[in-house]
Amino acid sequence: MTKKVPILKNENGKTIIQTVSKSSSTPTNSFIIISSTGTVIVADPTSMPTQEELDLNPDAVVITHSHSDHIDPKFIETIKCKKSIGTVERFDVKDIHIYSIPSSHRGNKINYNNPNNVIYVLEVDGLKIAHMGDIGQDHMTIKQIESLGKIDIALMQFSNPFSGMFNSDKGYTLIEEIKPQLIIPTHSNPRSTRKIAKILGKLEVVENFLSVNTESLKNKNRRVVWMKNTLNY
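Numbered per the numbering used here, the sequence shown spans residues 43 to 275.
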């Protein structure tokens, strides 16, 4: 069988978003984001390939919370780079600015001193990309919306039962409050994507890899893209 692995060099001048996890149960929770100049950020790494399978040396790793479907402890121990694990902070990694805001994994009560879910925002190539983690609130707070600002791309869950999403539509309420131009579902599977398509409209399916820039999102209708993970290490 031919190997399918993420690319680690950016040669197209756009921002690259791609799947990376080996997980069969949550294959769309983890992403590699590469700036147009080649800065590599890994978001919510879980069930990651070994160094022998993929020579991945990111410039930073961000982790929205410490549940096992969002963090691979062995990967975290192995890599040598900036690591932000559920921490509310701001920092720069080469040409990418990253900041995070507290949120709630389940329910509406937010522990601002020790949040159980953190939203990470990457400002890269003129885009703002938000990984929402496993947010489980019914609504965004005014403070969260103000802190987020205009989000271009949201990596967002809609069907995780541990956030009370499976039998509710609150994920769709949250996304309408954030109003991103491009939505990439996490915690997704064929069943959940059918509901996503029904509520949010046409669902594009791409395998593993997506290139975007400000021009590709400019003056376009909202896009919903399921990044189907077909990687084979």
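We put the beta carbon where it would ideally sit given N, CA and C, even for glycine.
Note that this is a predicted model, so its numbers are computed, not measured.
Quick check: what's the CA-CA separation for K51 versus G80? The alpha-carbon separation between K51 and G80 amounts to approximately 6 angstroms.
Whole alpha helix (DSSP H) runs in the stretch 51-121 with 4 or more residues, listed along the chain? The DSSP assignment places 115-120 as complete runs of the alpha helix (DSSP H) inside the stretch 51-121, in order along the chain (cut-off: 4 residues).
Please state if the CB of T57 and the CB of V254 are separated by a distance shorter than 8 angstroms. In this structure, T57 lies closer than 8 angstroms to V254 by Cβ.
Going straight from the alpha carbon of A196 to that of H173, what length do you get? Looking at the two C-alpha atoms, the distance is approximately 6 angstroms.
Within the same chain, show all residues whose beta-carbon is closer than 6 angstroms to that of F251, passing over the 5 residues directly before and after it, in chain order. Excluding the 5 residues flanking it on each side, F251 has same chain C-beta neighbours closer than 6 angstroms at Q60, in chain order.
Taking just the CA atoms, how far does I49 sit from V266? Take the alpha-carbon of V266 and the one of I49: they are about 23 angstroms apart.
Using a Cβ-Cβ cutoff of less than 8 angstroms, which residues in the same chain neighbour E219 once the five nearest sequence positions on both sides are dropped? Answer for E219: H181, M182, I187, listed in chain order.
What's the call for G128, buried or exposed, on a 16-neighbour Cβ count within 10 Å? With 16 or more Cβ atoms within 10 Å of its Cβ, G128 is classed as buried.
Kindly give me the distance between the Cβ atoms of P227 and T70, rounded to whole angstroms, as I take these residues to be in contact under 8 angstroms. The beta carbons of P227 and T70 sit about 7 angstroms from each other, so the pair counts as a contact at 8 angstroms.
For the beta strand (DSSP E) containing I187, list its first residue and its last residue. Taken as a continuous stretch (DSSP letters only), I187 belongs to no beta strand (DSSP E), being part of the alpha helix (DSSP H) at 184-190.
Could you spell out the range, first to last residue, of the beta strand (DSSP E) harbouring K125? Element bounds for K125: 124-127.
Which residues bound the beta strand (DSSP E) around Y154? Annotation for Y154: no beta strand (DSSP E) segment contains it, and DSSP assigns it neither H nor E.
Just the Cα atoms here: how many angstroms apart are P222 and V47? A straight line joining the alpha-carbon of P222 with that of V47 spans about 28 angstroms.
Inter-residue Cα distance where the pair is D97 and K45: Inter-residue distance for D97 and K45 is about 14 angstroms (C-alpha atoms, whole angstroms).
Less than 8 angstroms separating the beta-carbons of K64 and P91? A contact, by the Cβ cut-off of 8 angstroms.
Within 10 Å of its beta-carbon, does N153 have 16 or more other beta-carbons around it, so buried, or fewer, so exposed? By the neighbour-count rule (16 or more Cβ atoms within 10 Å), N153 is not buried but exposed.
Measuring alpha carbon to alpha carbon, tell me which residue in P100, V130, D111, K136 is nearest T120. Of the candidates P100, V130, D111, K136, the one whose C-alpha sits nearest the C-alpha of T120 is P100.
Quick check: the Cα distance between E53 and E95, rounded to an integer number of angstroms? In this structure, the alpha-carbon of E53 lies about 22 angstroms from that of E95.
Within 10 Å of its beta-carbon, does P115 have 16 or more other beta-carbons around it, so buried, or fewer, so exposed? Taking all protein chains shown into account, P115 has fewer than 16 neighbouring C-beta atoms within 10 Å of its C-beta and is therefore exposed.
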